[in-house]
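Undergrad: Following this message is one structure expressed as structure tokens.
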Amino acid sequence: MTSPFSSYMEWAKTRSGARFNLASSGLEAFPLAELGPIEPVEINGPSQYGYAPLQERLAKKAGVDPDRVVHATGTSMANFLALAAVAEAGDEVLVEEPTYSLLTDAARWLRLEIRRFARRAEDGFRVDPREVERALTKRTRLVVLTNLNNPTSAFVGGETLRAVGTMARGVGARVLVDEVYLESLAVLGRPYVSAAHLGPEFLVTSSLTKAYGLSGLRCGWVIADPDLARRMWRLNDLFGVVPAHPAERLSVIALDRLDRPAARARRILEANTATANAFLASRPELDCAPLDGGMIAFPRLRTGDVEALCDRLRQDEATVVPGRFFGAPQHFRLAIGCAPETLAGGLERLGRALDAAGR
Ligand SMILES: Cc1ncc(COP(=O)(O)O)c(C=O)c1O
Numbered sequence: 005m006t007s008p009f010s011s012y013m014e015w016a017k018t019r020s021g022a023r024f025n026l027a028s029s030g031l032e033a034f035p036l037a038e039l040g041p042i043e044p045v046e047i048n049g050p051s052q053y054g055y056a057p058l059q060e061r062l063a064k065k066a067g068v069d070p071d072r073v074v075h076a077t078g079t080s081m082a083n084f085l086a087l088a089a090v091a092e093a094g095d096e097v098l099v100e101e102p103t104y105s106l107l108t109d110a111a112r113w114l115r116l117e118i119r120r121f122a123r124r125a126e127d128g129f130r131v132d133p134r135e136v137e138r139a140l141t142k143r144t145r146l147v148v149l150t151n152l153n154n155p156t157s158a159f160v161g162g163e164t165l166r167a168v169g170t171m172a173r174g175v176g177a178r179v180l181v182d183e184v185y186l187e188s189l190a191v192l193g194r195p196y197v198s199a200a201h202l203g204p205e206f207l208v209t210s211s212l213t214k215a216y217g218l219s220g221l222r223c224g225w226v227i228a229d230p231d232l233a234r235r236m237w238r239l240n241d242l243f244g245v246v247p248a249h250p251a252e253r254l255s256v257i258a259l260d261r262l263d264r265p266a267a268r269a270r271r272i273l274e275a276n277t278a279t280a281n282a283f284l285a286s287r288p289e290l291d292c293a294p295l296d297g298g299m300i301a302f303p304r305l306r307t308g309d310v311e312a313l314c315d316r317l318r319q320d321e322a323t324v325v326p327g328r329f330f331g332a333p334q335h336f337r338l339a340i341g342c343a344p345e346t347l348a349g350g351l352e353r354l355g356r357a358l359d360a361a362g363r
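Our numbering numbers the first residue of the sequence shown as 5 and each following residue consecutively.
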């Protein structure tokens with residue numbers, strides 16, 4: 005019997021750590037001290053179906069009314085609540101491929117029937133609405149995609165999202181868009197459209213984890229229509245009931261001062277994008293579009309064994325994520341949110357591992 009748990013998350017927690025970690029997809033951790041002076045935060049407080057000051061900040065950030073916001077423990081819990089609120093055991097969900105495997109793992113745990121639509125390498129991993137149309141059935145309850153895509157960072161624009169929304173609405177389905185990496189476009193000052201503004205069929209999930217280096221706050225959220233949002237709050241009563249209140253307080257402070265982690269993220273991502281793109285362009289063994297606003301790349305090793313490459317790299321104190329976790333064993337995922345010196349050291353080692361594999 006296959007494991008009901010996430011093999012990727014177990015790997016990420018136990019095997020991805022290294023001196024030159026190019027596996028972890030978030031930005032280098034942001035230190036509390038850099039948020040500026042902070043009064044001690046209260047341990048207990050008025051949090052029932054949301055802590056009002058945090059609801060207000062999240063709503064303002066997303067540009068929606070607070071009754072559309074469900075604060076959740078990271079994008080992870082946000083995704084789980086979204087799946088569980090929309091679909092029931094036996095319902096069909098249509099999930100992009102490749103994707104972040106926790107989305108399909110969670111759907112499997114909920115006993116949902118999973119269909120896939122392809123985001124093709126030869127098409128730049130973009131969402132092709134025709135692929136969605138082909139795979140959609142009358143039984144589809146939810147279409148699921150990531151924007152930017154994990155693992156490829158491919159961007160989905162407003163026109164494509166609207167086309168997918170129209171098709172989903174046609175069969176009475178909704179569309180879940182995990183936008184946790186879209187925040188990297190926000191910190192880089194690049195244009196994007198959040199699916200939260202495209203119609204009631206859309207649910208959006210995100211968090212402060214990836215682009216801001218604030219993973220420890222576990223400040224995630226879902227944006228949905230108010231009825232569905234209420235359903236998710238009620239569902240959350242079955243899980244953590246309420247979040248840790250000090251984390252809610254610190255999240256309010258972080259959201260009020262988000263320009264600080266955002267400025268740091270921008271500096272790191274701009275420097276690291278240039279470094280990573282120069283490296284990728286210099287290695288004929290790898291096939292990969294240049295990074296353009298994202299925090300992760302998904303190179304294909306043209307010939308040779310990716311697992312052996314990853315093992316060799318690990319022996320040299322560096323890690324990347326093997327493509328098997330995304331159903332693409334000839335690829336690996338390379339993250340660039342780390343400190344610039346970590347990226348430089350990791351890429352130097354990756355270069356050495358590629359040289360050794362070619363001999
Ligand atoms: C697409 C995607 N969604 C959600 C998550 C989990 O994010 P969080 O730390 O906010 O729970 C990840 C983490 O890698 C991710 O890649």
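Ideal Cβ placement from N, Cα and C applies to all residues, glycine included.
Any chance the CB of Val184 is under 7 Å from a heavy atom of ligand 1?
TA: Yes, ligand 1 has a heavy atom inside 7 Å of this Cβ.
Undergrad: How is the beta strand (DSSP E) around Ala76 delimited, first residue to last?
TA: Run containing Ala76: 73-77, per the beta strand (DSSP E) assignment.
Undergrad: For my contact list, Leu26 and Thr213 are in at a C-beta cut-off of 8 Å; report their separation, rounded to the angstrom.
TA: Between Thr213 and Leu26 the Cβ distance is about 18 Å, and since that is not below 8 Å, they are no contact.
Undergrad: Name the two residues that bound the continuous beta strand (DSSP E) containing Cys342.
TA: Element bounds for Cys342: n/a, residue is neither H nor E.
Undergrad: Can you list, in chain order, the residues of its chain whose CB lies under 7 Å from that of Gly412, leaving out five sequence neighbours each side?
TA: Outside the displayed span of the chain (5 to 363) sits residue 412, for which this structure offers no information.
Undergrad: For Ala110, which residues of its own chain have a beta-carbon under 7 Å away from its beta-carbon, when the five flanking residues on both sides are left out?
TA: So the qualifying residues of the chain are Asn83, Phe84, Leu87.
Undergrad: From the DSSP output, read off the bridge partner residues of Val381.
TA: Given a span of 5 to 363 for the chain in the structure shown, any question on residue 381 remains unanswerable.
Undergrad: Three or more beta-carbon pairs under 8 Å between the region 216-235 and the region 261-270, yes or no?
TA: At 8 Å Cβ cutoff, the stretches touch.
Undergrad: Helix, strand or coil, according to DSSP, for Val246 in the structure here?
TA: Coil, per DSSP.
Undergrad: Please name the residue in Ser51, Leu146, Leu62, Leu98 whose C-alpha comes closest to that of Val90.
TA: Answer by Cα proximity: Leu146.
Undergrad: Could you give the first and the last residue of the continuous beta strand (DSSP E) run that contains Arg119?
TA: Taken as a continuous stretch (DSSP letters only), the beta strand (DSSP E) holding Arg119 covers 117-122.
Undergrad: So does Tyr216 have its beta carbon nearer than 7 Å to some heavy atom of ligand 1?
TA: Answer for Tyr216: no, Cβ out of range of ligand 1.
Undergrad: I need the straight-line Cα distance from Leu98 to Arg222, nearest angstrom please.
TA: Approximately 27 Å between the Cα atoms of the pair.
Undergrad: Suppose you measure from the CA of Leu114 to the CA of Ser286; what does that come to, to the nearest Å?
TA: If you take the alpha carbons of Leu114 and Ser286, they lie about 44 Å apart.
Undergrad: List, from N- to C-terminal side, the beta strand (DSSP E) runs of 3 residues or more that fit wholly inside the region 218-269.
TA: Whole beta strand (DSSP E) segments, 3+ residues: 223-227.
Undergrad: Which residues does DSSP list as the beta-bridge partners of Phe336?
TA: Paired residue(s): Pro326.
Undergrad: How should Glu137 be labelled, buried or exposed, when 16 other C-beta atoms within 10 angstroms of its C-beta is the threshold for buried?
TA: Exposed, by the Cβ-count rule.
Undergrad: Using DSSP's beta-bridge definition, name the partner residues of Leu97.
TA: In the sequence under discussion, the amino acid at residue 97 is Val, which differs from the Leu named in the question. Looking at the DSSP assignment, Val97 forms a beta bridge with Ile118, Leu146.
Undergrad: Report the rounded CA-to-CA distance for Ala357 versus Leu313, giving the unit in angstroms.
TA: Near 6 Å, if we compare the C-alpha coordinates of Leu313 and Ala357.
Undergrad: Any idea what DSSP makes of Arg304, helix, strand or coil?
TA: In this structure, Arg304 counts as strand in the three-state DSSP scheme.
Undergrad: I'd like the span of the alpha helix (DSSP H) that includes Asp315, first residue to last.
TA: Run containing Asp315: 310-319, per the alpha helix (DSSP H) assignment.
Undergrad: What three-state label does DSSP hand Asp291 in the structure shown?
TA: Residue state, collapsed to three classes: strand.
Undergrad: Give me the Cα-Cα distance between Ala122 and Val131, rounded to the nearest whole angstrom.
TA: Distance between the alpha carbons of Ala122 and Val131: 8 Å.
Undergrad: From the DSSP secondary-structure annotation, give me the bridge partner or partners of Asn25.
TA: Answer is Thr323.
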